[in-house]
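Presented below is the structure to which this report refers.
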Amino acid sequence: MDKKSRNALIAGNWKMNMLASQVPAYWQGLESGAKLAEGVSSALCVPFPMIPAMKAALAGSQVKVGAQDVSAHDKGAYTGEVSAAMLADLGVDYCIIGHSERRAYHAESDELVNAKLKALLGAGITPIMCCGETLEQRDAGVTLSFVESQIKGGLAGVSAEEMKKVVIAYEPIWAIGTGRTATAEQAQEVCGYIRGVLACLYGAELAKGVQILYGGSMNGKNAAELLAQPDIDGGLIGGASLKPEFADIIGAANEG
Ligand code: PEP
60 MDKKSRNALI
70 AGNWKMNMLA
80 SQVPAYWQGL
90 ESGAKLAEGV
100 SSALCVPFPM
110 IPAMKAALAG
120 SQVKVGAQDV
130 SAHDKGAYTG
140 EVSAAMLADL
150 GVDYCIIGHS
160 ERRAYHAESD
170 ELVNAKLKAL
180 LGAGITPIMC
190 CGETLEQRDA
200 GVTLSFVESQ
210 IKGGLAGVSA
220 EEMKKVVIAY
230 EPIWAIGTGR
240 TATAEQAQEV
250 CGYIRGVLAC
260 LYGAELAKGV
270 QILYGGSMNG
280 KNAAELLAQP
290 DIDGGLIGGA
300 SLKPEFADII
310 GAANEG
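So for the sequence shown, our numbering puts the first residue at 60; every next one is plus one.
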């Protein structure tokens, strides 16, 4: 399986932006972009309270709804937490885990990310597991070894069958929300390396089928070059997913 046979995935990450009441107008603006390509999978990962409004707005379209986090626990006395079963019950298809903002501000470890990943798989939701280095780590030349440790930690105990349902997102922290995109070569180098790590863990054939996304200041202008790289199968989009420009990125994935 090569890049051509891997479906592209463009996932938006709204972070803590927008309101449920703004969802219908947002969706109208995106739809009128008319580039919501049939051949590209796409999703909007929104804050928990906006999931029902987004589900309603996207009904009948091919764009899926995603969440941005999940509890590692099934149920019980975990005030403020949201379980994978609750997300599945709302019709959520994707969920981001291990985003660098959660790792930094909520001290999420690879072990916790691993537990969340397993909770999602158990509920039939596709995890989008994030990894990526800081600028200090890049400058110190430890990018590849650090990302490898995140991948191995996050996937510990995940079987080959389960791995077929996991999406990986490489997001260099220095490129997130900064307007500073990794060059296509930098992004390809790490995404290709991740595929190699997956090949060691699960075999080359399985690794060739895994969707690996790039995230970090991707926008309507730079998407085409990034998405043309052999190991970049899509994007995780923060800021640009809040604007009609998101449709341009989906369009770029369709052309790539
Ligand atoms: C992100 O938060 O996942 C992200 C990639 O953000 P941005 O596109 O704004 O850099």
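Where a beta carbon is used, it is the ideal one built from N, C-alpha and C, also for glycine.
query	result
Sufficient close CB pairs (3 or more, under 8 Å) joining the stretch 264 to 274 to the stretch 284 to 292	yes
4-residue-minimum alpha helix (DSSP H) runs that sit fully inside the stretch 176 to 241, ordered along the chain	194 to 198, 202 to 213 and 219 to 222
Own chain, CB closer than 6 Å to Ser-120, minus 5 neighbours either side, in chain order	none
Residues of its chain near His-158, where Cβ-Cβ distance is below 8 Å and the 5 sequence neighbours each way are ignored	Asn-72, Gln-127, Asp-128, Cys-189 and Glu-230
Segment limits, beta strand (DSSP E) that includes Val-122	122 to 126
beta-carbon Glu-299 near ligand 1 non-hydrogen atom, thresh 7 Å	First, the amino acid is wrong: residue 299 is Ala here, not Glu. Ala-299: yes, Cβ under 7 Å from ligand 1.
Beta-carbon gap between Thr-202 and Val-172 smaller than 8 Å	no
Contact check, Ile-156 vs Leu-180, beta carbons under 8 Å	no
Any C-beta of chain D under 8 Å from that of Asn-173	In summary, chain D is missing from the structure at hand, where a single protein chain is found.
Ala-266 to Ser-64 span [Cα, whole Å]	13 Å
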